[in-house]
Structure formats: C-alpha cells, structure tokens
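Data first, discussion second: the structure below is written as structure tokens.
Take a look at the structure:
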C-alpha cells in the first residue's frame, strides 16, 4: 500500500475527475449526485465535523456497488459508506473527500416467521425492523436511542447496543449473516441463515464493529426471538447518585434481570426540570415536583416476559427499588409508560441550557466502578468549571458522560478538551472501555492508545491492510492522527432528528 506518514496516498484531483467521469458512464442516470446540497448533507454526521465529498452515489443494485468499488480501488478514490448519518464520532464523515456510497435506500425488510429471521437491507431503519418483526410475533431486541432513524448498516458498523443490552445483548448477538463487498468490488457472504455455521474464519464478526473500514455491508440476516407477552415500567427517585447506584447493585445481586435499567443523574434531571419550569409545563410531568425543588437522581426500570414472570418480577422490583427511594411510580398502562420514557428521551436535549455544544462519551466501566467514575466526573466539573451531566444503561455499566460548553469560547473549548482527556484516562484506569456503542471514528481516535497496546493496534492495522491494501474504505478513521478541535464544524445544519 502506498502511504505517507499520515495514511494512504490517494488520487490527485485530475485522476479523481477521470474516475468520476468513468463512474457516471457506468451507473444509471441520477445515481451519481454532485449537487452542492447533496454533498453538504453527506459531508457530516451528528458529530458535525464537515468535509465535502466529491460525489454522493446511490447505487441501484449489487452490480453498481461493485462498479463503484472497482473504480475507486483502481483510481484510489476514498469511499465512505453511509446510512442515516447518525454516527456521533465522525465515523460517517468523508474526512478524505472522495465518494460517499449512500445505502439509505436499501431499506427492504422481509420477516421469516417460521425460522425467526429478518432479512434486511443495509438502509433498513432499526425501529422499522422491530415493527415488522412484532407483526409476526417476533422481536428484534437491540434498541439504540437512535432506533427511530439509525440504519442497520450503521448499527452493524459500530456494533450498536442500546437500552436492552444487559438482558438481550448487542447487535453482534443477532447478526446471523452478512452480504457485501470487499474494497476491490468482489462480492462476499459471511455466514448463512442457519442455526449452525463454522465454515472457515468468522469474518462476519470481524466486520461487525469495524466502522465500515474492512468492507461494505449491503444486506444482513438477523436473528429474532419470540416477542415478550407483556412489560411493566417503573420510575424511582433517590436523594443522590450513590443511593440510586447502590439500588442497581441490589437489583442485580437479587438476580433480577430487567430488560431495561436506566440511570439519570441530578445534573441531567435538573436541566430537564428547569426546561419544563421555563415552559410552564411542570404540571404535565408524570410525577409531582415544585419549582425550585432540588432534582433527585432517578432509575427507570422495565421488566418483560410472560404474564406470570412479569407479575413475580413486579413484586421484587417494588421491594428493591422502593427500599431507598424518595418515591416509586409504576406505569398503569402503555400511555403512562410512554410518559415515563419520555423523560429519558428528552433529557439529553435539555442539557443545551448548559452550553451550545455537547460531547457525548459512551464509556463503559465495571459495575463496581460506576459510583467512583461518577464521583470523578464531579471532580472534573469542579476542576474545569464545565458541567458533566450523565445518564446511561446502569445494568451494563455503559454511561453517557456529557461535557457541555460553548464552542465559540476558546477557553471553554480548551477546558472541554481537558475534561474529555481526564475522563478517558480515568475510565481506562478503572478497567473500562472508552466506547461501548458509538465506536472510535474520528473523535475517539486520540484515545485508542490508552485502551490498546502498540502490538494490539498493530494487529488491527495489519488486518485493515490485508483486506483493504489501498486504504480506500472510510480512511482517516481510528488509526490516523486526528485533532477534532482544529476541524471545521457545520453548526448550522439541522438533522431530521434534532429537537
């Protein structure tokens, strides 16, 4: 592979123009889009690090995907596969320009109600897969917070987890088979829709979580499980984070396995309550609160199963959650359950009262380290003067630690950088992971060496070089030097899912 000290060497502008002319001739009319608006949409993801591609390509079929990759590989043009663009780390940003391969239109969903499989295109939306499965009595558990708009291709790229991961697992646990293409344009199938398959190396699992750097996924076969008969939802408030997290340990020690167990700290809930106080909507909340009251820490818990299982679990939940709670509320019906979950879904947006920029770090620590980590984030807040509101998936140790600041304030930017570095070092010191769901992308690439040794990173690089010797797929990510603080951001762009 021809490389420089900063990564692969790509085609110069003249050769890129030649490659683009050849591509237009080979593709169906309209498949290659070079309009300014299309390029801007494809220039960034939720991280908002904006870099314009030269073209956005919407392939109509497998042969067109192969054509794109064959030409890109021959001319050494960077290719970034894209679904919804909901990545939070810059993983979908075409940092080296080139072509964006837009697979959002590959959204077919077919449910095999006999075998319990979902056959889906890379552009199928997570929530729509589960909706289709539930109509046939099946259930697709992985449910990232972005499930309403993120695609299964993106979920596979970062091995997305979600609220139900502690009980049901993550994306990798449900991918039975993948179809796609090597960077050379050669088609591959990793796995088959079978209960047992051990033929050759397991490259299916290697591709899952590889952030689109080893190949392009076009289709997947997903395992489904029988849909739970019923669910019960609870909300509990605690005087502080320590009381809430000790309750989490009691729940797990009792071998109760909730389908969801979410934690919300006082900083986060304070933002949520102040937003409603300003709007005059405190009275609309599914719990009583007075203006000016101190915000509690909270746990949101869901149990599921058949009617008998849920009945027994509800008794245990009331005892365990209620032991140290200020109050405990159980949803009486689906409408009340939705009102409780709306707290968790909307508290993130409420944080923007603390600053116009939010860094969302999806770290994971051992369960016994959750409280030490949370205490440390408060030390970081005291040291840097920046808020660190935190919520997350308490049953699996996956916290979303946020650092809030104003991007236009150079001093705050520097303090935000310091905050993130301190938190990442502490996570690794506690035996945790710098990312549990979002992946490395661009934003976390400076911290990869905190998590892995030179030998481990070297092994990953050799795999990348073996499968993508010209380095055309999603270049600039994970291994290459990157400083997001020096990069342009398109702060004016609004995604469909922005509140």
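Residue numbers (this note's numbering): 3 to 501. Glycine included, every Cβ here is placed at the ideal spot set by N, Cα and C.
Can you tell me which of the three DSSP states residue 10 falls into? Strand.
The segment 258–271 / the segment 296–311 touching (three or more Cβ pairs under 8 Å): yes
Flag this pair as touching only if the segment 206–223 and the segment 235–250 have three or more C-beta atom pairs under 8 Å; answer yes or no. no
Can you tell which of 397, 329 and 403 has the C-alpha that lies nearest to the C-alpha of residue 389? If we check each option's Cα against that of residue 389, 403 comes out closest.
Where residue 446 falls: helix, strand or coil (DSSP): coil
Would residue 58 and residue 104 be called neighbours here (beta carbons separated by less than 8 Å)? yes
Chain-order list of residues whose beta-carbon lies under 6 Å from that of residue 386 (same chain, five-residue window excluded): 417, 420 and 421
Excluding the five sequence neighbours on either side, which residues of its own chain have a C-beta within less than 6 Å of the C-beta of residue 7, listed in chain order? Model confidence at residue 7 stands at a pLDDT of 48, short of 50, so the residue's coordinates are unreliable and nothing is read from them.
Output yes or no for whether 8 Å exceeds the beta carbon distance between residue 213 and residue 443. yes
Do the segment 354–363 and the segment 397–413 meet, that is, are 3 or more Cβ pairs less than 8 Å apart? yes
Which value, in whole angstroms, describes the spacing of the CA atoms of residue 469 and residue 66? 20 Å
Sufficient close CB pairs (3 or more, under 8 Å) joining the segment 489–496 to the segment 43–58: yes
Skipping 5 residues on each side, what residues in its chain have a beta carbon closer than 6 Å to that of residue 329? 239
Is the distance from the Cβ of residue 124 to the Cβ of residue 155 below 8 Å? yes
Would you kindly report the start and end of the unbroken alpha helix (DSSP H) that includes residue 274? 268–281
To test your reading of the DSSP string, which unbroken beta strand (DSSP E) runs of 3 or more residues are found completely within the segment 150–208? Positions of the beta strand (DSSP E) runs, each at least 3 residues long and wholly inside the segment 150–208, are given as 177–183 and 189–192 in order along the chain.
Nearest to residue 411 (by Cα), restricted to the options 88, 480 and 487: 487
Spatial neighbours of residue 218 within its chain, please: C-beta separation below 6 Å, excluding the five flanking residues on both sides. 83, 182 and 183
Given a cut-off of 8 Å, decide if residue 485 and residue 437 are closer than it, judged by their beta-carbon atoms. no
Length at least 3, wholly inside the segment 47–135: the beta strand (DSSP E) runs in chain order: 57–59, 81–84, 101–104, 111–114 and 119–123
Since residue 456 is in the beta strand (DSSP E), which residue starts that stretch and which ends it? That residue, residue 456, is in no beta strand (DSSP E); its alpha helix (DSSP H) goes 456–469.
Would you kindly work out how many angstroms separate the C-alpha atoms of residue 115 and residue 146, rounded to a whole number? 24 Å
Could you check where the beta strand (DSSP E) with residue 304 kicks off and where it finishes? 299–307
Scan the segment 393–427 and note each continuous beta strand (DSSP E) run of 3 residues or more that stays entirely inside, going in chain order. 400–407
Sufficient close CB pairs (3 or more, under 8 Å) joining the segment 33–45 to the segment 152–166: Contact between the segment 33–45 and the segment 152–166 is absent, because fewer than three Cβ pairs lie under 8 Å.
In chain order, what residues of the same chain lie with their CB nearer than 6 Å to the CB of residue 20, ignoring the 5 residues before and after it? The answer is none, since no qualifying residue turns up.
Check the DSSP bridge columns for residue 295 and list the partner residues they point to. Residue 295 pairs with nothing; no bridge assigned.
Give me the DSSP bridge partner(s) of residue 359. 407
Cβ-Cβ separation, residue 120 to residue 113 (assumed contact under 8 Å), whole Å: 6 Å
What does residue 34 pair with, by DSSP beta-bridge criteria? 59
Are the Cβ atoms of residue 118 and residue 140 separated by less than 8 Å? yes
Whose CA, out of 384, 101 and 205, lies closest to the CA of residue 23? That would be 101, whose Cα lies nearest to the Cα of residue 23.
So the alpha helix (DSSP H) residue 343 belongs to, where does it begin and stop? Taken as a continuous stretch (DSSP letters only), the alpha helix (DSSP H) holding residue 343 covers 336–352.
Burial state of residue 235, where buried means 16 or more other Cβ atoms lie within 10 Å: buried
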